[in-house]
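This report refers to the structure that appears directly beneath it.
Residue numbers (my numbering), protein chains in the order written: chain A, 1 to 107; chain V, 1 to 232.
In structure tokens:
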């Protein structure tokens with residue numbers, strides 16, 4: 001591959017990604033002109049998006065083969081329960097990650 | 001200013017491990033398709049999208065046509081369109097710098113920034129959190145590209161990203177009495193994951209969630225009114 005083609009591929013990927021992030025701001029421009037329904041969506045979407053991202057992060061879990069998603073399930077429960085009780089992100093994320101890394105090695 | 005940067009650094013910590021590790025993975029992958037640390041740096045600086053950059057390595061390996069690169073990248077990153085909606089007014093306080101922050105809206109940064117409003121943080125906090133996250137990603141990519149392989153089997157460290165979203169989900173759940181958005185997002189994404197499979201489900205799922213939330217707007221307003229009455 002030539003350096004020119006490499007630069008072009010990186011540039012196209014960069015501009016395409018920037019485009020997906022900038023669309024809402026390009027479409028609605030001035031914040032004063034944003035329709036109320038969009039502002040409402042912006043307000044209520046975060047919990048829906050975060051719930052979706054949990055599923056997205058787990059999307060490639062193999063439920064039917066391998067460890068049947070048990071390490072993922074235990075890891076998620078560990079993070080969730082620890083955070084419910086202590087509300088300390090470092091403990092919740094750290095413990096869940098270490099536990100998960102151990103589980104995928106022994107299961 | 002020191003206070004703002006310190007706070008932003010603490011807020012960005014949960015993202016650090018995941019970004020360093022995923023960045024390293026990208027750096028290694030780019031090296032495997034034949035390109036050095038300069039290009040790893042440039043890609044991570046300008047593209048700054050995890051799955052997007054992994055896909056780019058495949059484009060490079062296949063010498064893919066530019067049109068394909070463009071369409072595939074937009075499809076893969078289409079979920080980002082929803083992220084800006086929550087910051088249309090909030091980013092205005094940043095002035096021209098808002099455009100920098102707009103380009104920093106990754107899954108993780110978006111999720112973390114959603115919580116800065118409740119803390120009444122200075123607008124610049126958002127920008128600094130974003131820049132810290134971005135720097136972890138760039139540093140990881142460069143390290144990965146330079147070392148080429150890891151001295152230890154780190155498989156599974158990326159679970160810290162999953163754990164991050166779980167933690168933010170719990171945080172969100174506890175802090176809001178209106179549970180419908182979280183439930184809608186969960187059901188809609190599981191539904192579309194089962195129907196469409198892991199590669200294409202996220203965008204349709206977010207569309208369905210938005211539609212459901214638009215149609216249930218009166219519920220939200222009713223809840224808000226009763227909330228106000230209780231406060232009074």
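Beta carbons are placed, not taken as given, at the ideal position from N, Cα and C, and that holds for glycine.
Minimum Cβ-Cβ distance from residue i to chain A less than 8 Å
i                      : result
residue 23 of chain V  : no
residue 239 of chain V : In the structure as shown, chain V starts at 1 and stops at 232, and residue 239 of chain V therefore has no counterpart that could be examined.
residue 44 of chain V  : no
residue 105 of chain V : yes
residue 29 of chain V  : no
residue 231 of chain V : Its pLDDT being 45, under 50, residue 231 of chain V is placed unreliably in this model, and the value from its coordinates should be taken loosely. No - not a single Cβ of chain A is within 8 Å of the one on residue 231 of chain V.
residue 236 of chain V : No answer is possible for residue 236 of chain V: it lies beyond the span of chain V, which begins at 1 and ends at 232.
residue 190 of chain V : yes
residue 12 of chain V  : no
residue 157 of chain V : yes
residue 93 of chain V  : no
residue 49 of chain V  : yes
residue 198 of chain V : yes
residue 54 of chain V  : no
residue 74 of chain V  : yes
residue 35 of chain V  : yes
residue 235 of chain V : Residue 235 of chain V lies beyond the residue range present for chain V, which begins at 1 and ends at 232; the question has no answer from this structure.
residue 142 of chain V : no
Close-in-space but distant-in-sequence residues of the same chain around residue i (CB under 7 Å, 5 per side omitted)
i                      : result
residue 105 of chain V : 80, 83, 84
residue 231 of chain V : In this predicted model, residue 231 of chain V has a pLDDT of only 45, less than 50, meaning its place in the structure is not dependable enough to derive any value.
residue 54 of chain V  : 26, 29
residue 171 of chain V : 115
residue 207 of chain V : none
residue 102 of chain V : 84, 91
residue 161 of chain V : 18, 108
residue 71 of chain A  : 100, 103, 104, 107
residue 51 of chain V  : 76
Three-state class that DSSP yields for residue i in the structure shown
i                      : result
residue 216 of chain V : coil
residue 118 of chain V : coil
residue 21 of chain A  : helix
residue 52 of chain A  : helix
residue 225 of chain V : helix
residue 64 of chain V  : coil
residue 2 of chain A   : coil
residue 104 of chain V : coil
residue 92 of chain V  : helix
residue 1 of chain V   : coil
residue 30 of chain A  : coil
residue 78 of chain V  : coil
residue 35 of chain A  : coil
Proximity test, Cβ basis, 8 Å: residue i and chain V
i                      : result
residue 70 of chain A  : no
residue 50 of chain A  : yes
residue 96 of chain A  : yes
residue 107 of chain A : no
residue 57 of chain A  : yes
residue 86 of chain A  : no
residue 67 of chain A  : no
residue 74 of chain A  : no
residue 4 of chain A   : no
Beta-carbon proximity list for residue i, same chain, < 6 Å, skipping 5 on both sides
i                      : result
residue 202 of chain V : 79
residue 67 of chain A  : 107
residue 34 of chain A  : 28
residue 92 of chain A  : 79, 82, 83
residue 205 of chain V : 188, 189, 192
residue 20 of chain A  : none
residue 35 of chain V  : none
residue 141 of chain V : 23, 26, 27, 40, 44
residue 43 of chain A  : none
Within-8 Å CB hit, residue i to chain C
i                     : result
residue 64 of chain A : The structure shown contains no chain C; the protein chains it does contain are A and V.
Own chain, CB closer than 8 Å to residue i, minus 5 neighbours either side, in chain order
i                      : result
residue 9 of chain V   : 128, 132
residue 30 of chain A  : none
residue 57 of chain V  : 26, 29, 30, 32, 33
residue 146 of chain V : 27, 37
residue 50 of chain A  : none
Any residues in the stretch 164-187 of chain V with a beta carbon nearer than 9 Å to a beta carbon of chain A? Which ones, in chain order?
-> Hits within the stretch, in order: 164, 165, 166, 167, 168, 169, 170, 171, 172, 173, 174, 176, 178, 179, 180, 181, 182, 183, 184, 185, 186, 187.
If you scan the stretch 58-106 of chain A from start to end, which runs of the alpha helix (DSSP H) of 4 or more residues do you find wholly inside it?
-> For the stretch 58-106 of chain A, whole alpha helix (DSSP H) runs of length 4 or above, ordered along the chain, are 70-86, 89-106.
Please list the segments of the beta strand (DSSP E) lying wholly inside the stretch 140-213 of chain V, counting only runs of 3 or more residues, in order along the chain.
-> Annotation: the stretch 140-213 of chain V contains no complete segment of the beta strand (DSSP E) (minimum length 3 residues).
Inside the stretch 5-59 of chain V only - alpha helix (DSSP H) runs reaching at least 4 residues | Every alpha helix (DSSP H) of 4 residues or more that sits fully in the stretch 5-59 of chain V is shown, in chain order, as 37-46.
Using a Cβ-Cβ cut-off of less than 8 Å, give me the residues of the stretch 19-47 of chain A that come near chain V, in sequence order.
-> Answer set for the stretch 19-47 of chain A: 19, 20, 21, 22, 23, 24, 25, 28, 31, 34, 37, 38, 39, 40, 41, 42, 43, 44, 45, 46, 47.
Using Cβ-Cβ distances below 8 Å, what residues of the stretch 200-219 of chain V are close to chain A?
-> Listed in sequence order: 201, 202, 205, 206, 209, 210, 213, 214, 217.
Quick one, which residues of the stretch 122-140 of chain V are near chain A if we go by CB-CB under 7 Å, in chain order?
-> The stretch 122-140 of chain V vs chain A, Cβ under 7 Å: nothing.
Taking a Cβ distance cut-off of 7 Å, strictly less, list which residues of the stretch 58-69 of chain V are near chain A, in chain order.
-> Within the stretch 58-69 of chain V, those residues whose Cβ lies closer than 7 Å to any Cβ of chain A are, in chain order, 59, 60, 63, 66, 69.
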